[in-house]
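In what follows, a single structure is set out as structure tokens and then discussed.
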Amino acid sequence: MQDKTKDRRIYGEHLTPVEVFNDFILPEIKNKKNDYIWVDLFAGAGNLILPILNLIPEEKRIEFFKKRIYLFDIQKELVEQAINNASKYGIPRKIAEKNIIQKDTIKEYPKFLLDLDLPIYHITNPPYLYLGYIVKHKETQKYLEFFKGDNKGYQDLYQLALINDLRNGIEKMIYIIPSNFLFGFSVSNKIRDDFFKYYLIEKAIIFEKEIFEHTGTNVVICFFNRKKAPKKESIKFQGIKINNEIQKKTYVLKPENHYRAGSDFEEFVNNNKAKNPIKITYYLTLDEVIKNKGEYKISVIDANEINGKKYTKKVIYVNEKLYKKIKSNILFVRTVDTGTINGRAGLYNIKEVFEADGILVTKAKYRTHPIQIFFDPALTVDEQKLLMNYFNLILEYFRQKTDSEFLTTYKYSNSKYTRKYLGLRQVKNLIQTFPWLSLNEEEKNMLKNLIEAKNIKKLITFISHVK
Ligand SMILES: C[S@@+](CC[C@H](N)C(=O)[O-])C[C@H]1O[C@@H](n2cnc3c(N)ncnc32)[C@H](O)[C@@H]1O
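Numbering follows this note's numbering, in which position 429 of the sequence shown is assigned residue number 427; successive positions increment by one, without gaps.
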């Protein structure tokens, strides 16, 4: 018996349920069925193309199939499955074998498709395999060669599939791909920069719930149209977001944001950096503690050690300087939602949450651990509390406004609640919009009042005026 889990990993194999095709793709293409050749270069069992045959009267299906359908997959067993599936639509094996082909289509694009009498419509759910994973696992390292030369900088197999279509001049595509294509930062900045010079998105369906049986990767279905001529311009499209409910939203992808979707937060922090921004550093490390040994006793939690559900508490001895530094910096950042309403990503008071003075990193630094923040110049305790309230207010405002799209979805969890990750650079950027150090007394009071009153609209106007 073959190892399915392994195939899923090595070949990025996640077959799309036929219902997804029927519900979301078929309605968009059914009136164009005679205008294109329908291709899936990563076809698996053929679920994204073969159901088109339902639209064709039985006596015309064989002709239609011969002329208008081509499927490819690297795995023999899946090609076999697709041939069997085709027979369920009345396509004889001999004919199916001609157009359902075993081939590594990332390595070599089947160019003959480009010479056929009608244009290609590529509908696919390509393999997803992140370069970071490929590098680390022996069985996938054969893919490393794909990411060299002109493909240097792309980060996932699905991105190579997109760029190959671009290079071969394909006009119309429907892709089911990880939502990091639209919402990711460094994982997808390059592919978006390159791709959106040539393509528009007509529409996107954004799933915030799982649609595959064996992976929690959130996906989007993107409907792409090639532009008449390459152009660097903003791209506007309708998104339909499917969660526990269905929401419609207009997205604008701007070249200056690497065409990233949901960039309101980035725009806010970029446009409102304070004249005199507060500088911060992250982490209290063991190294620093060892270098500053002394007589002063202080309580910390060990961010690398969990006992039951709690971080282990420790008492350490440091010199006066470090003692003062730890004691006077009272905040930490929680970068990942814990999954409860009180544990959302944001700034928190160390003493209140952990009943300790500091958060010590004893082993590796993890960006998902609680991380102590150190301010330079020092802020008073009251100033830090005010900053904390400011930070959390603005963060919640943008979470609501953008449905948390500026945050990265953190792994997959079974709960209904989608956990989000707030990057450390985002934390720093948001802190640097806090204009405190540039304000006079009167302005400081105004800012304080707005934060205390949670008057978010006026607060944002105020920030943009005084920055
Ligand atoms: C995510 S699955 C999707 C299959 C199908 N499009 C669907 O939606 O049901 C990706 C498919 O790509 C195939 N694949 C992976 N690498 C490939 C390559 N280099 N060339 C051709 N097919 C490949 C896998 O075997 C797998 O069947």
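Where a beta carbon is used, it is the ideal one built from N, C-alpha and C, also for glycine.
Using beta-carbon positions only, say whether residue i and residue j come within less than 7 Å of one another.
i    : j    : result
L39  : F70  : yes
S402 : N270 : no
I174 : I219 : yes
R417 : G337 : yes
I429 : I278 : yes
L155 : L127 : yes
I98  : I81  : yes
T407 : N216 : yes
A41  : N83  : no
L46  : Y87  : no
L466 : I104 : Only positions -1 to 465 of the chain appear in this structure, which leaves residue 466 out of reach.
L420 : A343 : yes
I203 : F22  : yes
A272 : K465 : yes
N302 : K361 : yes
L427 : V267 : It should be noted that the sequence gives Asn, not Leu, for residue 427. The answer is yes: Cβ separation under 7 Å.
At the level of alpha carbons, what is the spacing between residue i and residue j?
i    : j    : result
V250 : G260 : 8 Å
Q100 : K74  : 6 Å
P25  : E11  : 25 Å
Y328 : L377 : A small fix is needed here, since residue 328 is Ile in this sequence, not Tyr. Cα to Cα, the separation comes out at about 10 Å.
P228 : D192 : 10 Å
L181 : N166 : Correcting the residue identity first, residue 181 is Phe in this sequence and not Leu. Straight-line Cα distance between these residues: approximately 26 Å.
L320 : L284 : 12 Å
E350 : V379 : 13 Å
K188 : N290 : 43 Å
K64  : I89  : 9 Å
N162 : Y107 : 7 Å
K239 : R190 : 20 Å
L142 : D148 : 13 Å
T14  : P176 : 13 Å
P368 : Q79  : 48 Å
N241 : K207 : 6 Å
K195 : I172 : 17 Å
F389 : Q424 : 11 Å
Residues in its own chain within less than 6 Å of residue i by CB, not counting five upstream and five downstream?
i    : result
I118 : I35, V37, L111, I168
I299 : Y309, K311, F352, A354, I357
K252 : S232
Q0   : For Q0, the pLDDT reaches just 48, beneath the cut-off of 50, and the residue's location in the model is therefore unreliable, leaving the point undetermined.
Ordered along the chain, which non-local residues of its own chain (more than five positions away) have a Cβ less than 7 Å from that of residue i?
i    : result
E439 : none
Y9   : I72, Q73, P125
L53  : K28, K31
E293 : Y315
I199 : C220, F221, F222, I233, F235
Q370 : Y281, L282, N327, F330, I348, G356, I357
Return no unless some Cβ of chain D is closer than 7 Å to the Cβ of residue i.
i    : result
K271 : Given the protein chain composition of this structure (a single chain), no chain D is represented.
Apart from the five residues on each side of it in sequence, which residues of its chain come closer than 8 Å, Cβ to Cβ, to residue i?
i    : result
N255 : S261, E264, E265
L391 : I449, K452, I454, L457
V287 : I314, V316, L320, L358
Whole runs of the beta strand (DSSP E) within the segment 158 to 237, excluding any shorter than 3 residues: 170 to 176, 197 to 205, 217 to 224
Which complete beta strand (DSSP E) runs does the segment 19 to 77 hold, if anything under 3 residues is left out? 35 to 38, 67 to 71
As an exercise, report each continuous alpha helix (DSSP H) stretch of at least 4 residues that is fully enclosed by the segment 89 to 126, in chain order. 91 to 97
Please specify which runs of the alpha helix (DSSP H), each continuous and at least 4 residues long, are wholly inside the segment 249 to 273, giving them in chain order. 262 to 269
Just to confirm the assignment: which complete alpha helix (DSSP H) runs, minimum length 4, are found wholly within the segment 379 to 436? 379 to 400, 422 to 429
In the segment 332 to 383, which residue ranges form an unbroken beta strand (DSSP E) of at least 3 residues, counting only runs that do not cross its ends? 344 to 347, 356 to 359, 369 to 374
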